[in-house]
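Notes follow the structure.
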Amino acid sequence: METFDYVIVGAGSAGSVLASRLSEDENVTVCVLEAGPRDWHPFIHIPAGFMYTLVDPKVNWLYKSEPSEWTGGRAIAAPRGKTLGGSSSINGHIYNRGQRLDFDGWGQRGNRGWGYADVLPYFRRTERRLTMEGGSGEELFRGREGNLPITDLEWRDPLCEAFIEGAVQMGIPRNQDYNGAQQAGVSYVQRIIENGRRKSAARGYLHPAMSRKNLTVRTHAHASEIVLEGKRAVGVCYRQGSRGGGRSGAPVEVRARKEVILSGGAVNSPQLLQVSGIGPAPLLKSLGIEVKHALAGVGENLRDHYAPRFVARVKGATTINERSKGLRLVGEVMKYALTRKGILALNPTLIYVFWKSDERVDNYDLQFTFTPASYKEGVQSTLDDFPGMTIASWQQRPDSIGYVRARSADPFQHPVIQPNYLTAESDRKVLLAGMKIARRLLMSKPLSEYYDREEFPGPQAQSDDDLMAAAKQRGTTTFHLMGTCRMAPETDPTAVVDDQLRVRGLEGLRVVDASIMPTMPSANLNASVLMIAEKAADMIRGKAPLEAAILKD
Ligand SMILES: Cc1cc2nc3c(=O)[nH]c(=O)nc-3n(C[C@H](O)[C@H](O)[C@H](O)COP(=O)(O)OP(=O)(O)OC[C@H]3O[C@@H](n4cnc5c(N)ncnc54)[C@H](O)[C@@H]3O)c2cc1C
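So for the sequence shown, my numbering puts the first residue at 31; every next one is plus one.
Structure, rendered in structure tokens:
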């Protein structure tokens, strides 16, 4: 049987960083198992290809969450990347870290070494901040030598400029760097992209390491079980097939001399633990799975951002909707081929606003996104036929809590994903306030030159009940599932890993991905996952943590 020092399950955002960092040590061997294919698909690398990979089963697990009251009984898509780079190969490639209070909160919950001053050096280690002329990048906060290029969006158009001006007139200041000292304000987005091409975690970390003799990367290799000897993880069983691994592939076992590391993401890591007999005993018993290690929190504490969108019809300006059709699209394709610019170099969202639901709130609890485009039925894979613009809003730190639970003992069957969107009243309150601000932003004076009329939910929707009905009707995920293998002190009944990311009560097994987050950061998640993996790499290698940043109060 083949034996490596480390076996990593999943070559996504976290797995790519770990594979690269751990294999820097020539004296250890590392094997990475990835269920999906290599990241050859051209739409992975063209930013606008996002619209296609969002629905492509070749590179996407295409999960769906369970219907619930506040989604109006709809099962919402829950896409997850299934290829080298994982979700960082199909995401909106926006770079957003969150707020200082997010990580201070992680530390204050009893997770030593995870306060903002501790994690800031790891954020910096991941990034190579490239600024436009006049752009920002305060050295205390930003890194210059990391693997991933962080660039400012170069696109400018009258709609975006008018939107920003409208926000400023509402008292929301322009922010030169929402990943710097302060998140609040309005600005163009920062992206992980270079020369008009996406830079996934695989392209930034994994590929440059793949020529190393001590790193083995197996694609189409779906891990089906963690092999335990008593309370120690000693290996992983997987099935390797030509099409995304899967049950038809031949079973193979690889052994880990030092550690097995799960980086399968917030859906797959808890599912793999559960089908391997590690999880809540009542759930495992109900599925006929032998309980090898009872751990109540596995799969619990799921959270996500839930966003309703307002769509307005545009007059007097060209939006992405028209540019993406007919002869104009041909022109855009040629422009991209020659210059790597134009709408094909755009990601789904162009402007971010961070603001608060109520003046009395100390911490900015709302995020808005604006884009001069609109999607049919609010689904981000098909653009409308009329000129449109969209604003979305969401509660940054949701209190609603759901779960991921294996549906059966079969590791290839999609698990139950129930985020329980908006079940917490606090989430509904903040969301409603956000929707009202979103509408004001769309109807601002500077945008009025281009604002024709509201298409969704439409002017008839005025009362709180009308707005919540609209949220139910078309609200969607912003793709930020997290928290299902929670890092927490032993006293917390939902704890799955300790602050070294070791699975509690077992040896030789860690989880390193979005599932370990104790609470939702005020952000999209990729930046934090990369930070977590950089920090975990030092822990696994037994290196001292990077020196904490010295911050002003
Ligand atoms: C459509 C979309 C848009 C997003 N947009 C943004 C954005 O603009 N900015 C941002 O910051 N964040 C964004 N996110 C979120 C962010 O990309 C993810 O939170 C982050 O990439 C998760 O990293 P991870 O390492 O936890 O998991 P992933 O990157 O999902 O990696 C998990 C990997 O493990 C593999 N795997 C899973 N199970 C197994 C198994 N049993 N055997 C073998 N391999 C397995 C998967 O195929 C996958 O490659 C988006 C996410 C999605 C899906």
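For glycine and all other residues, C-beta sits at the position ideal for the given N, C-alpha and C. Every value quoted in this text rests on a predicted model; they were computed, and no experiment measured them.
* Asked: Are the segment 479-496 and the segment 301-321 in contact at 8 Å, needing three or more beta carbon pairs?
  -> no
* Would a C-beta distance cut-off of 8 Å place Leu471 and Met200 closer than the cut-off? -> Residue numbering aside, residue 471 sits at position 441 when the sequence shown is read from its first letter. Residue numbering aside, residue 200 sits at position 170 when the sequence shown is read from its first letter. Result yes, Cβ atoms of Leu471 and Met200 sit closer than 8 Å.
* Out of Gly79, Val297, Ser306, point me to the one whose CA is closest to Lys261's CA. => In the sequence shown, the residue the question calls residue 261 occupies position 231. Among Gly79, Val297, Ser306, the Cα nearest to that of Lys261 belongs to Ser306.
* Does DSSP put Asp182 in a helix, a strand or coil? -> Translated into the one-based positions of the sequence shown, residue 182 becomes position 152. DSSP places Asp182 in strand when its eight states are reduced to three.
* **Endpoints, the beta strand (DSSP E) within which Gly79 is located** => The residue labelled residue 79 in the question sits at position 49 within the sequence shown. Taken as a continuous stretch (DSSP letters only), Gly79 belongs to no beta strand (DSSP E), as it is neither H nor E.
* In whole angstroms, what separates the C-alpha of Lys371 from that of Lys365? -> One-based indexing of the sequence shown puts residue 371 at position 341. One-based indexing of the sequence shown puts residue 365 at position 335. Those two C-alpha atoms are separated by around 6 Å.
* Asked: Between Glu577 and Pro300, what straight-line distance do the alpha-carbon atoms span, to the nearest angstrom?
  -> Locating residue 577 in the sequence shown gives position 547, counting from the first residue. Locating residue 300 in the sequence shown gives position 270, counting from the first residue. Roughly 32 Å separates the two Cα atoms.
* Going by the beta-carbon positions, is the gap between Asp392 and Gln426 smaller than 8 Å? -> Taking the first residue of the sequence shown as position 1, residue 392 is located at position 362. Taking the first residue of the sequence shown as position 1, residue 426 is located at position 396. The answer is no: Cβ separation not under 8 Å.
* From Leu160, Ser98, Pro109, residue whose alpha carbon lies closest to that of Leu183 -> The count along the sequence shown starts at 1 and reaches residue 183 at position 153. Taking only the C-alpha atoms, the option nearest Leu183 is Leu160.
* To do: Report the partner residues of Lys406 according to the DSSP bridge assignment.
  => As a position in the sequence shown, residue 406 is number 376, starting the count at 1. Lys406 pairs with nothing; no bridge assigned.
* Does the Cβ of Val39 lie closer than 7 Å to at least one heavy atom of ligand 1? -> Against the sequence shown, residue 39 aligns to sequence position 9. Yes; taking the cut-off as 7 Å, the Cβ of Val39 has a heavy atom of ligand 1 nearer than that.
* Asked: Curious, which full-length beta strand (DSSP E) runs of at least 3 residues does the segment 479-531 contain?
  -> 481-486
* Tell me whether Asn121 counts as near ligand 1, meaning its Cβ is closer than 7 Å to at least one heavy atom of that ligand. => Position 91 of the sequence shown, counted from the first residue, corresponds to residue 121. Yes, since a heavy atom of ligand 1 falls inside the 7 Å radius drawn around the Cβ of Asn121.
* Collapsed DSSP secondary structure at Phe384 in the structure displayed -> Translated into the one-based positions of the sequence shown, residue 384 becomes position 354. Phe384 falls in the strand class under three-state DSSP.
* To do: Could you tell me whether any Cβ in chain C is nearer than 8 Å to the Cβ of Ser552?
  => Although the question refers to chain C, the structure presented lacks it and comprises just one protein chain.
* Nearest-angstrom Cβ-Cβ length linking Pro428 and Arg333, presumed shorter than 8 Å -> Residue numbering aside, residue 428 sits at position 398 when the sequence shown is read from its first letter. Residue numbering aside, residue 333 sits at position 303 when the sequence shown is read from its first letter. Sure, about 5 Å apart at Cβ, within 8 Å.
* Asked: In the structure shown, what three-state DSSP assignment does Asp568 receive?
  -> Here residue 568 refers to the residue found at position 538 when the sequence shown is read from its first residue. Correct three-state label for Asp568: helix.
* Helix, strand or coil: how does DSSP classify Leu591 here? -> Here the chain has residues from 31 to 583 only, and residue 591 is not among them.
* Cβ contact (3+ pairs, closer than 8 Å) linking the segment 342-353 and the segment 417-426 -> yes
* Taking 7 Å as the cut-off, is the CB of Glu32 close to at least one heavy atom of ligand 1? -> Here the question's residue 32 lines up with position 2 in the sequence shown. It does not: the Cβ of Glu32 is nowhere closer than 7 Å to a heavy atom of ligand 1.
* Roughly how many whole angstroms lie between the Cα atoms of Ile570 and Asp148? -> Mapped onto the sequence shown, residue 570 falls at position 540. Mapped onto the sequence shown, residue 148 falls at position 118. Answer to the nearest angstrom: the Cα atoms are 17 Å apart.
* Asked: DSSP on Ile222, reduced to helix/strand/coil?
  -> The residue you call residue 222 lines up with position 192 of the sequence shown. In this structure, Ile222 counts as strand in the three-state DSSP scheme.
* Relative to the C-alpha of Pro151, which residue among Gly176, Leu131, Gly137, Gly140 is closest? -> Position 121 of the sequence shown, counting from 1, holds the residue named residue 151. For the residues Gly176, Leu131, Gly137, Gly140, the minimum Cα distance to Pro151 belongs to Gly176.
* To do: Specify the secondary structure class of Val542 as computed by DSSP and reduced to three states.
  => Sequence index remark: in the sequence shown, residue 542 carries index 512 (1-based). Residue state, collapsed to three classes: coil.
* For Asp543, verify whether its CB is less than 7 Å away from any heavy atom of ligand 1. => Your numbering for residue 543 matches position 513 in the sequence shown. Checking every heavy atom of ligand 1 against the Cβ of Asp543, one is found closer than 7 Å.
* Asked: With Thr113 and Val89 assumed to form a contact (beta carbons below 8 Å), what rounded beta-carbon distance in angstroms separates them?
  -> To locate residue 113, count along the sequence shown from 1; it is residue 83. To locate residue 89, count along the sequence shown from 1; it is residue 59. Contact flag correct, Cβ pair sits at about 4 Å.
* To do: Would you give the residue range spanned by the beta strand (DSSP E) that Ile74 belongs to?
  => The residue you call residue 74 lines up with position 44 of the sequence shown. Here Ile74 belongs to no beta strand (DSSP E); instead the alpha helix (DSSP H) covers 72-75.
* Asked: Should Val37 be labelled buried (16 or more other beta-carbon atoms within 10 Å of its own) or exposed?
  -> Here residue 37 is taken as the residue at index 7 of the sequence shown, counted from 1. Looking at its Cβ environment, which holds 16 or more other Cβ atoms inside 10 Å, Val37 is buried.
* For my contact list, Leu539 and Met512 are in at a C-beta cut-off of 8 Å; report their separation, rounded to the angstrom. => The residue you call residue 539 lines up with position 509 of the sequence shown. The residue you call residue 512 lines up with position 482 of the sequence shown. So it is not a contact: roughly 20 Å between Cβ atoms.
* Report whether the distance from the Cβ of His510 to the nearest heavy atom of ligand 1 is below 7 Å. => As a first step, residue 510 must be located in the sequence shown, where it is residue number 480. Yes, ligand 1 has a heavy atom inside 7 Å of this Cβ.
* To do: Quick one: residues in its chain with C-beta nearer than 7 Å to the C-beta of Phe593, no 5 flanking neighbours on either side, listed in chain order?
  => Lying before the first or after the last residue shown, residue 593 is absent from the chain, which here runs from 31 to 583.
* Asked: Thr7: which of Ala324, Lys582, Ala337 sits nearest, CA to CA?
  -> For residue 7 there is no data in the structure shown, the boundaries of the chain being 31 and 583.
* To do: Note down the Cα distance separating Lys94 from Pro87, rounded to an integer number of angstroms.
  => Counting from 1 along the sequence shown, the entry for residue 94 is found at position 64. Counting from 1 along the sequence shown, the entry for residue 87 is found at position 57. Those two C-alpha atoms are separated by around 13 Å.
* Across which residues does DSSP place Val257 in a beta bridge pair? -> Here residue 257 refers to the residue found at position 227 of the sequence shown. Looking at the DSSP assignment, Val257 forms a beta bridge with Gly265.
* Runs of alpha helix (DSSP H) wholly within the segment 112-163 (minimum 4 residues, chain order) -> 130-138, 146-156
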